[in-house]
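*Asks:* Here the sequence shown is numbered in my numbering, starting from 7 and rising by one per residue.
Beta carbons: idealized from backbone N, C-alpha and C, even for Gly.
I have a structure I would like to understand better, so I am pasting it below and will then ask my questions one at a time.
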Amino acid sequence: MNDILVTIGEALIDFIPDKSGCSFDDVTAFLPKVGGAPANVCAAYARLGGRAKMLTQLGDDPFGHKILSELTKLSIDTSCISLTDTASTALAFVSLDGAGNRTFSFYRKPSADMLYKAENVREEYFENAYALHFCSVDLGDFPMRDAHRAAITAARKKGAIISFDPNLRFPLWKSRELLRQTVKQFIPLSDIVKISDEELSFITGTGDIKTALPSLFENNVKLVIYTCGSGGAYAFTKNEYAFAPAQKVKPVDTTGAGDGFIGSFLWKMKDMGITLDMLEHLTSEKLLACLEFANKFCAISVQKNGAISSYPKLEEIK
C-alpha cells in the first residue's frame, strides 16, 4: 500500500525565544525545539497517524541525537538518516514579533545535512511511498542538491507524488537571483507546488495568483496550493479551484505553520484515496475538503509554541 510520506532535506534545532514582540537583542533565553521544514512536514503527517520517513544527515552530536530521539518518538522511520562527525547539526535561532511572525539566524557553515550525497539515496527507500516532499533550503550548491535530484528520480519511478514547498530562506543564499533560479528549476519536477502570498511575487514576478498560475503549471505540475496566512488558502488544478478561509484565532507562534499545512494537506489527500493520476482531475469539493482540514490543523498549531510540539493529533481536529 502506497501510504508513506518521505521527506528529504534539513532537520535542525530551532531555538525559540522566551518572549515575542522584540528583537534578538532583547531575548534573554532560547528553548531548543526540533525543526527544519522537511522534518516538520514529516511530523505533521505522522501526528495524524500516517507512516513517514525522513532522508537527511545529522551531526553525530547531542543536537543530532536529540532530533533522532524526537523523530523516533513520533514513529517516524529514521533508518535512512545518516550521522557524520565531519559537520555539526544545523541550528536556527528565532525571534518573534507581536503577531508571532519569525526572523531567523542560521548556524550551518556547512551543517551535516548539506553534505548528504546522492549515493546515500536508494531506490528501495521509496517502496510504498505515497509522496516525496522537499523544500528549497537544501538546494544550494552542495551535495544535498544532487541527493534531492536522486530522490525525485527514485520516487517518480515508484509512482509517488512529488511535492515542493519553496519555503524561502534568503539569508542562506549568496544571492536572491540564485535562489529564484534554483526554485524555478525544481518547480517543473514537482506534481504539487505549495507557495505562500509572501513568496509569489519573488518567484513568479507577479503578486496576482491567477496571473502567476501559467508559470507555475510547468511540465509535471498538476496542483498549486496558495496560502495566505490569516487570509485563507486556495488550491488550483488547471480546470478547478477552491478557497477555504482561515479559522479566526490569536496566533502565539507561526513557526512551522506552513509545514503543518502541507503535511496535513498531504495526509488528507492520502486519507481520501487521491493518487498521482487523479491529481489533475480533482473536483473543487475534494480540493476544499483538503484545504479545510489543513486550515483546522494550522489553527490549532499556531496557538502553541514551537512547530512539531504544537501539531495536533487527528482526534484533536475532529
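#1: Would DSSP call threonine 84 helix, strand or coil?
#2: Short of 7 Å in beta carbon distance, which residues of its chain neighbour cysteine 304, apart from the five on each side in sequence? Order them along the chain.
#3: Kindly provide the ranges of any alpha helix (DSSP H) runs that are 4 or more residues long and lie completely inside the region 248-291, ordered along the chain.
#4: Can you tell me whether DSSP reads methionine 150 as helix, strand or coil?
#5: To which residues does DSSP link glutamine 309 through a beta bridge?
#6: Suppose only complete runs of 3+ residues qualify. What are the beta strand (DSSP E) ranges in the region 8-72, listed by chain order?
#7: Measuring straight from C-alpha to C-alpha, what distance separates glutamate 76 and leucine 61?
#8: Buried or exposed: where does phenylalanine 299 fall if 16 or more other Cβ atoms within 10 Å of its Cβ makes it buried?
#9: Return the chain-ordered ranges of every alpha helix (DSSP H) run that is complete within the region 169-233 and spans a minimum of 4 residues.
#10: With the cut-off set at 8 Å, would you say alanine 157 and valine 127 are in Cβ contact?
#11: Looking at leucine 174 and phenylalanine 208, is the spacing between their C-beta atoms short of 8 Å?
#12: Going by CA-CA distance only, name the one from Asn8, Ala49 and Ile215 that's closest to glutamate 204.
#13: By DSSP, does leucine 5 sit in helix, in strand, or in coil?
#14: Tell me which residues share the same chain as alanine 241 and place their Cβ nearer than 7 Å to its Cβ, disregarding the 5 neighbours each side in the sequence.
#15: What residues are listed by DSSP as bridge partners for leucine 97?
#16: Rounded to whole angstroms, how far is the Cβ of asparagine 134 from the Cβ of aspartate 9, which I believe are closer than 8 Å?
#17: Rounding to the nearest angstrom, what Cα-Cα distance links threonine 90 and proline 172 in this structure?
#18: Would you give the residue range spanned by the beta strand (DSSP E) that leucine 121 belongs to?
#19: For the beta strand (DSSP E) containing leucine 138, list its first residue and its last residue.
#20: Would you kindly check if the distance between the Cβ of aspartate 20 and the Cβ of valine 33 is under 8 Å?
#21: Under 8 Å between the Cβ atoms of phenylalanine 132 and lysine 164?
#22: For the beta strand (DSSP E) containing phenylalanine 132, name the first residue and the last one.
#23: Quick check: the region 277-290 against the region 306-318, are at least 3 beta-carbon pairs closer than 8 Å?
#24: Please say whether phenylalanine 112 and phenylalanine 36 have beta carbons closer to each other than 8 Å?
#25: What whole-angstrom Cβ distance do alanine 137 and alanine 166 have, given they're in contact under 8 Å?
#26: Taking C-alpha atoms, which residue in Ile198, Pro257 and Cys234 lies nearest to histidine 139?
#27: Using the C-alpha atoms, what's the distance from proline 68 back to arginine 155?
#28: What is the rounded straight-line gap between the Cα of glycine 56 and the Cα of methionine 150?
#29: Pick out whichever of Thr109, Ala50, Asp31 and Gly70 has its Cα sitting closest to the Cα of leucine 80.
#30: Pick from Phe176, Ala161 and Asp119: whose alpha carbon is nearest that of serine 338?
#31: On a CA-only basis, which of Leu282, Thr260 and Asp83 is nearest serine 26? Give me that one, please.
#32: Could you please give me the residues that DSSP links to arginine 242 through a beta bridge?
#33: Please classify phenylalanine 30 as buried or exposed, where buried requires at least 16 neighbouring CB atoms within 10 angstroms.
#34: If you measure between the beta carbons of valine 40 and lysine 72, is that distance less than 8 Å?
*Replies:* Checking against the coordinates, here is how it stands:
#1: coil
#2: Within the same chain, cysteine 304 has close Cβ partners Ala263, Gly266 and Phe267.
#3: The region 248-291 contains these whole alpha helix (DSSP H) runs: 263-277.
#4: helix
#5: Glutamine 309 is not bridged to any residue.
#6: 10-14, 18-23, 36-41 and 57-65
#7: For glutamate 76 and leucine 61, the distance between alpha carbons rounds to 15 Å.
#8: buried
#9: Taking 4 residues as the minimum length, the alpha helix (DSSP H) runs contained wholly in the region 169-233 are 182-192, 203-210 and 215-222, in order along the chain.
#10: yes
#11: yes
#12: Ile215
#13: Nothing about residue 5 can be reported from this structure: the residues present for the chain run from 7 to 324 only.
#14: Leu229, Ile231, Tyr247, Ala248, Leu293, Cys296 and Leu297
#15: For leucine 97, which the question treats as bridged, DSSP gives the partners Ile19 and Tyr113.
#16: 7 Å
#17: Answer to the nearest angstrom: the Cα atoms are 27 Å apart.
#18: Unbroken run through leucine 121: none, as it is neither H nor E.
#19: 135-141
#20: no
#21: yes
#22: Run containing phenylalanine 132: none; DSSP gives neither H nor E here.
#23: no
#24: no
#25: 6 Å
#26: Ile198
#27: 30 Å
#28: 26 Å
#29: Ala50
#30: Here the chain comprises residues numbered 7 to 324, so residue 338 is not present and cannot be evaluated.
#31: Thr260
#32: Before going further, note that residue 242 is phenylalanine rather than arginine in the sequence given. Beta-bridge pairing links phenylalanine 242 to Val230 and Tyr247.
#33: Here phenylalanine 30 is exposed: its Cβ has fewer than 16 other Cβ atoms, across all protein chains shown, within 10 Å.
#34: yes
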